[in-house]
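Novice: Just passing along the structure, written as structure tokens.
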Amino acid sequence: MRLLLIEDDVSLGEGIYQALSRDGYTTDWIKDGSSALHSLLSETFDLAILDLGLPRMDGLEVLRRLRSSGSNLPVLILTARDATEDRIAGLDAGADDYLVKPFDLAELKARLRALMRRSAGRAQLRIEHAGISLDPVSHQVTYLGQLVSLTPKEYQLLYELLSPPGRVMTRERLTQLLYGWNDEAESNTLEVHIHHLRKKLSSDLIRTIRGVGYLVQEAR
Ligand code: CA
Numbered sequence: 015m016r017l018l019l020i021e022d023d024v025s026l027g028e029g030i031y032q033a034l035s036r037d038g039y040t041t042d043w044i045k046d047g048s049s050a051l052h053s054l055l056s057e058t059f060d061l062a063i064l065d066l067g068l069p070r071m072d073g074l075e076v077l078r079r080l081r082s083s084g085s086n087l088p089v090l091i092l093t094a095r096d097a098t099e100d101r102i103a104g105l106d107a108g109a110d111d112y113l114v115k116p117f118d119l120a121e122l123k124a125r126l127r128a129l130m131r132r133s134a135g136r137a138q139l140r141i142e143h144a145g146i147s148l149d150p151v152s153h154q155v156t157y158l159g160q161l162v163s164l165t166p167k168e169y170q171l172l173y174e175l176l177s178p179p180g181r182v183m184t185r186e187r188l189t190q191l192l193y194g195w196n197d198e199a200e201s202n203t204l205e206v207h208i209h210h211l212r213k214k215l216s217s218d219l220i221r222t223i224r225g226v227g228y229l230v231q232e233a234r
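Count the sequence shown with the working numbering and you get residues 15 to 234, in order.
In structure tokens form, the structure reads like this:
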């Protein structure tokens, strides 16, 4: 799960960035609108958190240009207190949800989960597939009813492999989603995490599709 945080307020941005990173989200942080638009149009993200008052290009303009490019990326906007007009303009420009500053980080995280769920077309919170049960709120994973203890990156990788279940995930997409600009990804890091997941779950649960990526299917 890779998020782009677009916020020019350094202390607020730092707080959000730390909280999301601690929760295992790959988070990249940009502090101006024009660089944000460039990244949104050229890279893969699952969701953007967009402040409206930004230097170089305001958030509304970023959102309008993103939508006119045809992107349906989930976007949560951050607005100042009492700025009702901003909120309306933001929703009209294609925002999926908004939060009014100051807000609680726990609420931000709950809104993000709801947005991701909606964008994945899942009404249900829990993901069930091939004997795996994954709870995106508690990050608890069970396999055939047994609790499995995963590192944050392993959890994130499994989540991506199951979003949606039964589809081949390409190596490129997994690498983009798992590693932000600040992570030093060694060339074989993905394979190492896959290896650990196979050991913790079942060796033939995650199939390698040669030259393409990975697929989670019932273990034989
Ligand atoms: Ca701002």
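For glycine and all other residues, C-beta sits at the position ideal for the given N, C-alpha and C.
Since the structure is predicted, the reported quantities are computational estimates derived from the model, not experimental observations.
What distance in whole Å lies between the Cβ atoms of arginine 79 and arginine 61, which are believed to be in contact at a cut-off of 8 Å?
Specialist: As a position in the sequence shown, residue 61 is number 47, starting the count at 1. As a position in the sequence shown, residue 79 is number 65, starting the count at 1. Here the sequence assigns leucine to residue 61, which means arginine is not the residue at that position. No, leucine 61 and arginine 79 are not in contact; Cβ-Cβ is about 17 Å, not under 8 Å.
Novice: Would a C-beta distance cut-off of 8 Å place valine 301 and alanine 103 closer than the cut-off?
Specialist: With the chain running from 15 to 234 in the structure shown, residue 301 is simply not present.
Novice: Just to confirm, is the Cβ distance from threonine 41 to leucine 191 under 8 Å?
Specialist: Residue numbering aside, residue 41 sits at position 27 when the sequence shown is read from its first letter. Residue numbering aside, residue 191 sits at position 177 when the sequence shown is read from its first letter. Not in contact: threonine 41 and leucine 191 (Cβ atoms no closer than 8 Å).
Novice: DSSP three-state label for tyrosine 169, please.
Specialist: What you label residue 169 is simply residue 155 of the sequence shown in a count that begins at 1. In the structure shown, tyrosine 169 sits in a helix (DSSP, three-state: H, G or I).
Novice: Judging by CA-CA distance, which residue of Ser82, Leu148 and Arg101 is the nearest neighbour of serine 177?
Specialist: On the sequence shown, position 163 is the one that residue 177 refers to. Ranking Ser82, Leu148 and Arg101 by Cα distance to serine 177 puts Leu148 first.
Novice: Alpha carbon to alpha carbon, how far is proline 166 from serine 152? Give it in angstroms, no decimals.
Specialist: The count along the sequence shown starts at 1 and reaches residue 152 at position 138. The count along the sequence shown starts at 1 and reaches residue 166 at position 152. Their backbone Cα atoms lie some 12 Å apart in a straight line.
Novice: Grab me the residues of arginine 221's own chain with a C-beta within less than 8 Å of its C-beta, minus the 5 sequence neighbours each way, in chain order.
Specialist: Start at 1 with the first residue of the sequence shown, and residue 221 comes out as number 207. Only Tyr228, Leu229, Val230 and Gln231 meet the Cβ criterion.
Novice: By the three-class DSSP mapping on this structure, what secondary structure does proline 15 have?
Specialist: Indexing the sequence shown from 1 puts residue 15 at position 1. At residue 15 the sequence reads methionine, which differs from the proline that was named. Three-state result, methionine 15: coil.
Novice: So, with DSSP's three-state summary, where would you put glutamate 142?
Specialist: Sequence index remark: in the sequence shown, residue 142 carries index 128 (1-based). Strand, per DSSP.
Novice: Once the 5 residues before and after leucine 204 are set aside, which same chain residues still bring their CB inside 8 Å of it?
Specialist: Looking up residue 204 in the sequence shown gives position 190. Cβ neighbours of leucine 204 beyond the five flanking positions: Leu171, Arg185, Leu188, Thr189 and Leu192.
Novice: Going by CA-CA distance only, name the one from Glu142, Pro150, Phe117 and Ala107 that's closest to arginine 127.
Specialist: Numbered from its first residue, the sequence shown carries residue 127 at position 113. Ranking the options by Cα distance to arginine 127, first place goes to Pro150.
Novice: Under 8 Å by Cβ, that's how I've got leucine 215 and isoleucine 146 pegged, so tell me the actual separation to the nearest angstrom.
Specialist: Counting from 1 along the sequence shown, the entry for residue 215 is found at position 201. Counting from 1 along the sequence shown, the entry for residue 146 is found at position 132. 7 Å between Cβ atoms; contact.
Novice: What are the boundary residues of the beta strand (DSSP E) that includes threonine 41?
Specialist: Stepping through the sequence shown from its first residue, residue 41 is reached at position 27. Where threonine 41 is concerned, the enclosing beta strand (DSSP E) stretches over 40-44.
Novice: Would you mind working out which of Leu77, Leu68 and Leu87 sits nearest alanine 94, comparing C-alpha positions?
Specialist: Taking the sequence shown and counting its residues from 1, one reaches residue 94 at position 80. Among Leu77, Leu68 and Leu87, the Cα nearest to that of alanine 94 belongs to Leu68.
Novice: Under 8 Å, with one C-beta from each stretch per pair, do the segment 20-35 and the segment 104-124 reach the 3-pair mark?
Specialist: The segment 20-35 is in contact with the segment 104-124.
Novice: In whole angstroms, give me the CA-to-CA distance for aspartate 96 and leucine 66.
Specialist: Locating residue 96 in the sequence shown gives position 82, where the first residue counts as 1. Locating residue 66 in the sequence shown gives position 52, where the first residue counts as 1. Cα-Cα distance, rounded: 13 Å.
Novice: Under the three-state reduction of DSSP, which class applies to leucine 211: helix, strand or coil?
Specialist: The residue you call residue 211 lines up with position 197 of the sequence shown. In this structure, leucine 211 counts as helix in the three-state DSSP scheme.
Novice: Measuring straight from C-alpha to C-alpha, what distance separates glycine 47 and glycine 159?
Specialist: Walking along the sequence shown from the start, residue 47 turns up at place 33. Walking along the sequence shown from the start, residue 159 turns up at place 145. If I take the Cα positions, the gap works out to 46 Å.
Novice: Serine 49 to valine 24, Cα distance in whole Å?
Specialist: Here residue 49 corresponds to residue number 35 of the sequence shown, with the count starting at 1. Here residue 24 corresponds to residue number 10 of the sequence shown, with the count starting at 1. One C-alpha to the other measures close to 16 Å.
Novice: Quick one: give me the first and last residue of the alpha helix (DSSP H) that valine 24 is part of.
Specialist: Within the sequence shown, residue 24 is the residue found at index 10, counting from 1. Note, valine 24: alpha helix (DSSP H), 24-36.
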